[in-house]
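In the order they appear, the protein sequences are chains U and D. Counting from 1, position 5 in the first sequence corresponds to residue 12 in this note's numbering; the numbering is continuous, with no gaps. Counting from 1, position 123 in the second sequence corresponds to residue 358 in this note's numbering; the numbering is continuous, with no gaps. We treat Cβ as the ideally placed atom computed from N, Cα and C, and that holds for glycine. Computed from a prediction, not measured in an experiment: that's the story for all the values here. The structure appears below as structure tokens.
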Amino acid sequence: MEFLSYLISGISLGSVYAIIALGYTMVYGIAKMLNFAHGDIIMIGGYVSFCAMFYLGLPNIVAVLLAVIVCTVLGVVIERLAYKPLRSAPSLAVLITAIGVSYFLQNSALLIWKAAARVYPPVVEGSMQLFGGKLTVSYVSLLTIAACVVIMIGLTTFVNKSKMGKAMRACSEDKAAAQLMGINVNATISATFAIGSALAAIAGVLLCSFNTSLMPTTGSMPGIKAFTAAVFGGIGSIPGAFLGGLLLGIIEAMAKAYISTNLANSIVFAVLIVVLLVKPAGLLGKSVTEKV
Amino acid sequence: MGQILQVNDLHVYYGSIHAVKGVSFEVNEGEVVTLIGANGAGKSTVLNTVSGLLHPKHGSVVFEGKDLKGVPAHKIVEHGLAQVPEGRHVFLQMTVEDNLEMGAYTQPNSTIEAGIADVYERFPRLKERRKQIAGTLSGGEQQMLAMGRALMSKPKLLMLDEPSMGLAPILVEQIFDIIRELHAAGTTILLVEQNAQAALSVADRAYVLETGRITLSGTGKELMASDAVRKAYLGG
């Protein structure tokens, strides 16, 4: 029973990583850049929902929607101002800029909301007793897992079936050819940032609900772990991000439970290194073979 | 038979390299016009400038009387220009049918199905492979897919960049047969080729491009008979 409870906590933690990793992987797949500010969008999502609930007294669901809207706009604006001018610059310049944006967001949050951690009450409270009270599952866990599955199915359908989603795949593969088809590449990249940032906002609310705390650096570590999850699953691959996120969460929960809380992060990253040694493209990463 | 494309005194640079140095030519409705020349003569640069992927420093591209200056590449298709890029550039990870659908990106959804049916009729091979990932097609099939994809936008002018590149002789012949068929069906074609022999045999008119300049022009037959062209491009 103990094992089951660790597993559930691992899956729900992994679901949060997966939602963040989906944003990372979509932006990477289409813009071919690592948006290191992605984790900080999560934190902004947390603060916006927090303020909406406590200072404005809005219902939780409205607060979450507000966080999604603010983060979506923020993501698109960041792309326009910071990344778009660097479209043809070397990737190192874009990477450094993304790190700069990350610090900018963290320090802006520090200025606005101060360094002290806030107590963030879960968006849904309470828990469910199973097996005659032997197993307790919080509603936040259930909500997180459900959100992750819905997002995963929604995104997969969107990318494979819709015209816009297919255009995104076309841009991800070959931007010049996509332009020759009449696809507006800049608009497609903006749309990708919008989707990624909206997912980050949702992840922010769920993450803060889990940790029940919030501070300006809240997004950093989960951001890095989700990035790891995306690489683990095969960066650029949507099912890969999902799988990578879940596995990472489970490994972390199990390491904490059975090995050592202090070593948990080291173990997570050690597993990543081993996976990349064996499968350099990640678990579901594609190595495209081109026939001539 | 009006003029459909007019290129005037085009100058294109890659950084400080002056790749196209004052090229002018025109294409009339219903014609097959070819630009031939050696590797590096600037043929693809001219096509990519017409498509809006590159921007000229001087000169203009006029399509159906409209100057395309400042029109972004993704808007050019809507004007009725489609390019089959050099090296085919089909979307390798997408299915044949999804590739065709991308070709019709600017078309209303209701016409896509009929467009795909037309392409399958012209290229039955693609119909057999409709659910296959484009990366698994042979070179010749990928070229057909790239051409079918471009036709999906119902172009008034189809631009083909080195359609025979890297293909076995029998496939080269097939591709040129398709060009003849398209021509017979009334499609206006601008063809860029290194394979001068094949290109001149299908072309109504031709231009020879050398290091960024047009050095010769005439009908396909005239150039085929010209000593200079025979020496330089037709192996004697």
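Cβ separation of residue 189/U and residue 309/D, assumed to be a contact under 8 Å, to the nearest whole Å: Your pair residue 189/U and residue 309/D checks out as a contact, with CB atoms roughly 5 Å apart and the cut at 8 Å.
Flag residue 237/U as yes if its beta-carbon sits less than 9 Å from any beta-carbon of chain D, otherwise no. Residue 237/U does not count as touching chain D.
Using a Cβ cut-off of 8 Å, pull out every chain U residue sitting near residue 336/D, in sequence order please. Within chain U, the residues near residue 336/D are 170, 173.
Under the DSSP definition of a beta bridge, which residues are partnered with residue 453/D? According to DSSP, residue pairing for residue 453/D in a beta bridge involves 441/D.
Going along the chain, which residues of its own chain have a beta-carbon closer than 7 Å to the beta-carbon of residue 60/U, five neighbours each way excluded? Apart from sequence neighbours up to five positions away, the residues of its chain that approach residue 60/U with a beta-carbon distance below 7 Å are 67, 70, ordered along the chain.
Threshold first: 4 residues or longer. Then list the alpha helix (DSSP H) segments lying entirely within the segment 345–382 of chain D, N to C. For the segment 345–382 of chain D, whole alpha helix (DSSP H) runs of length 4 or above, ordered along the chain, are 359–363.
Put residue 181/U into one of helix, strand or coil per three-state DSSP. Looking at residue 181/U - three-state DSSP - the assignment turns out to be coil, as it is neither helix nor strand.
Alpha carbon to alpha carbon, how far is residue 429/D from residue 446/D? Give it in angstroms, no decimals. A straight-line Cα-Cα distance of about 14 Å links residue 446/D and residue 429/D.
Exposed unless 16 or more other CB atoms sit within 10 angstroms - verdict on residue 298/U: Confidence at residue 298/U is low in this model, with a pLDDT of 44, below 50, so the placement of that residue should be treated as unreliable; the coordinate-derived value is given next. Residue 298/U should be labelled exposed.
Suppose the cutoff is 6 Å on Cβ atoms and the five residues either side in sequence are ignored; what does the same chain contact list for residue 257/U look like? These residues qualify, in order along the chain: 17, 21.
Spatially closest choice to residue 449/D from 384/D, 372/D, 254/D, by CA coordinates: Measuring from the Cα of residue 449/D, the nearest candidate turns out to be 254/D.
Of the residues 187/U, 228/U, 93/U, 196/U, which one's Cα is nearest the Cα of residue 340/D? Looking only at 187/U, 228/U, 93/U, 196/U, the smallest Cα-Cα distance to residue 340/D is reached by 187/U.
Go ahead and label residue 27/U buried or exposed: buried means 16 or more other beta carbons lie within 10 angstroms of its beta carbon, across all protein chains shown. Buried.
In this structure, does DSSP put residue 127/U in helix, strand or coil? Here residue 127/U carries a coil assignment [DSSP, helix/strand/coil].
CB contact check: residue 94/U to chain D, cutoff 9 Å: By this cut-off, residue 94/U is not an interface position.
Under 9 Å between the Cβ atoms of residue 109/U and residue 47/U? Yes, they are a contact pair.
Whether residue 104/U touches residue 118/U by CB criterion (9 Å): Going by C-beta atoms, residue 104/U is not nearer than 9 Å to residue 118/U.
Distance CB(residue 292/U)-CB(residue 242/U) smaller than 9 Å: For residue 292/U and residue 242/U, yes; Cβs fall inside 9 Å.
Just the C-alpha distance for residue 296/U and residue 244/U, rounded to the nearest angstrom, thanks. Legend: pLDDT at residue 296/U = 47, less than 50; position of this residue unreliable, value from coordinates given subsequently. Distance between the alpha carbons of residue 296/U and residue 244/U: 16 Å.
Can you pull out the residues from the segment 195–206 of chain U whose beta carbon lies closer than 8 Å to at least one beta carbon of chain D? Those residues of the segment 195–206 of chain U that come within reach of chain D (Cβ to Cβ, closer than 8 Å) do not exist; the list is empty.
Thinking C-alpha only, which one of 38/U, 13/U, 44/U, 9/U is nearest residue 234/U? Measuring from the Cα of residue 234/U, the nearest candidate turns out to be 44/U.
Compute the beta-carbon to beta-carbon distance between residue 472/D and residue 361/D, rounded to the nearest angstrom, for a pair I have assumed lies under 8 Å. The requested residue 472/D is not part of the displayed model; chain D covers only 236 to 471.
Sorry if obvious, but does the Cβ on residue 318/D come closer than 8 Å to a heavy atom of the ligand FAD? You won't find the ligand FAD in this model; it holds no ligand whatsoever.
Let me confirm a value: residue 113/U is counted as buried when at least 16 other C-beta atoms fall within 10 Å, else exposed. Which label applies? Classification for residue 113/U: buried.
Helix, strand or coil at residue 415/D [DSSP, three-state]: Under the three-state reduction of DSSP output, residue 415/D falls in the helix class.
At least one CB of chain D closer than 9 Å to the CB of residue 218/U: is that the case? At a cut-off of 9 Å between beta carbons, residue 218/U makes no contact with chain D.
Could one say the Cβ of residue 340/D lies closer than 9 Å to chain U's Cβ atoms, at least one of them? Yes, residue 340/D counts as interfacial toward chain U.
Tell me residue 330/D's beta-bridge partners as DSSP assigns them. Residue 330/D is bridged to 368/D.
So which residues on chain D does residue 188/U lean against when the C-beta distance must stay under 7 Å? What residue 188/U touches in chain D: 312, 337, 338, 340.
Residue 74/U vs residue 53/U beta-carbon contact at 9 Å: Between residue 74/U and residue 53/U, the CB-CB gap stays under 9 Å.
Reduced DSSP secondary structure (H/G/I, E/B, other) of residue 394/D: Three-state result, residue 394/D: strand.
Would the segment 374–393 of chain D and the segment 329–348 of chain D be scored as touching if the rule is three or more Cβ pairs under 8 Å? When C-beta atoms of the segment 374–393 of chain D are compared with those of the segment 329–348 of chain D, three or more pairs fall below 8 Å, so the two segments count as touching.
Quick check on residue 333/D - is its C-beta less than 9 Å from some C-beta in chain U? Residue 333/D counts as touching chain U.
Range of the contiguous alpha helix (DSSP H) that encloses residue 43/U: Where residue 43/U is concerned, there is no enclosing alpha helix (DSSP H), given that its DSSP letter is neither H nor E.
Once you ignore the five residues that flank residue 248/D on each side, which residues in its own chain have a CB closer than 6 Å to its CB? Taken in chain order, the residues that qualify are 292.
Report yes if the C-beta distance between residue 201/U and residue 64/U is below 9 Å; otherwise report no. Taking C-beta atoms as the reference points, residue 201/U and residue 64/U fail to come closer than 9 Å.
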